[in-house]
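Peer 1: The working numbering applies: residue 736 is where the sequence shown begins, and numbers increase by one.
All C-beta atoms in this analysis are idealised placements derived from N, C-alpha and C, irrespective of residue type, glycine included.
These figures come from a predicted structure and were not determined experimentally.
This structure is in structure tokens; I'll ask about it shortly.
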Amino acid sequence: ISEHDERMDQAAVAMDSLASDDGPVIVAGDFNTVTDYDVSQLRRLGRKHGYRHLRLPPGPTITNRYKRFPGSIPVLDHIFYRDLTAGSRGVMRAARASDHFPVWAVFATPPRPANGPANGD
Numbered sequence: 736i737s738e739h740d741e742r743m744d745q746a747a748v749a750m751d752s753l754a755s756d757d758g759p760v761i762v763a764g765d766f767n768t769v770t771d772y773d774v775s776q777l778r779r780l781g782r783k784h785g786y787r788h789l790r791l792p793p794g795p796t797i798t799n800r801y802k803r804f805p806g807s808i809p810v811l812d813h814i815f816y817r818d819l820t821a822g823s824r825g826v827m828r829a830a831r832a833s834d835h836f837p838v839w840a841v842f843a844t845p846p847r848p849a850n851g852p853a854n855g856d
């Protein structure tokens with residue numbers, strides 16, 4: 736199995752494990768998408784599982800302090816979500832505590848129908 740296939744299999748397991756959960760879900764982290772092909776495959780996998788991919792501001796999500804990648808620095812960190820409305824988002828490139836910059840996003844839950852049950856009911 737190739738390294739690419741192994742990464743996609745791991746992402747699929749994460750997304751599958753949450754498939755039966757009702758309500759909003761966020762799946763985020765370092766998916767090690769080194770190439771544009773990796774990113775397109777990961778986005779396709781997310782769509783297949785009912786997730787939307789949140790676009791972060793242009794630029795890298797890693798500091799490149801520990802690894803050198805050929806060409807441009809890849810975006811390794813991604814945020815997928817469902818049943819939420821995405822708001823502001825960003826990459827805190829001034830923070831250097833790790834080899835990854837912190838990524839953040841604000842989400843809102845969709846309004847509940849007036850006659851719908853409250854959460855947990």
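If you draw a straight line from the C-alpha of Ala829 to the C-alpha of Pro795, how long is it?
Peer 2: Position 94 of the sequence shown holds residue 829. Position 60 of the sequence shown holds residue 795. For Ala829 and Pro795, the distance between alpha carbons rounds to 12 angstroms.
Peer 1: Within this structure, are the beta carbons of Val762 and Asp818 separated by less than 8 angstroms?
Peer 2: Taking the sequence shown and counting its residues from 1, the one referred to as residue 762 is at position 27. Taking the sequence shown and counting its residues from 1, the one referred to as residue 818 is at position 83. No, they are not a contact pair.
Peer 1: Using the C-alpha atoms, what's the distance from Gly781 back to Gly822?
Peer 2: Residue numbering aside, residue 822 sits at position 87 when the sequence shown is read from its first letter. Residue numbering aside, residue 781 sits at position 46 when the sequence shown is read from its first letter. Cα to Cα, Gly822 sits roughly 19 angstroms from Gly781.
Peer 1: For Asp812 and Arg847, what's the separation of their Cα atoms in angstroms?
Peer 2: Reading the sequence shown from its first residue, position 77 is the one you call residue 812. Reading the sequence shown from its first residue, position 112 is the one you call residue 847. Roughly 31 angstroms between the two C-alpha positions.
Peer 1: Out of Pro837, Phe842, Arg742, which one is the CA nearest neighbour of Val769?
Peer 2: As a working mapping, residue 769 is identified with position 34 in the sequence shown. The shortest Cα separation from Val769 among Pro837, Phe842, Arg742 belongs to Arg742.
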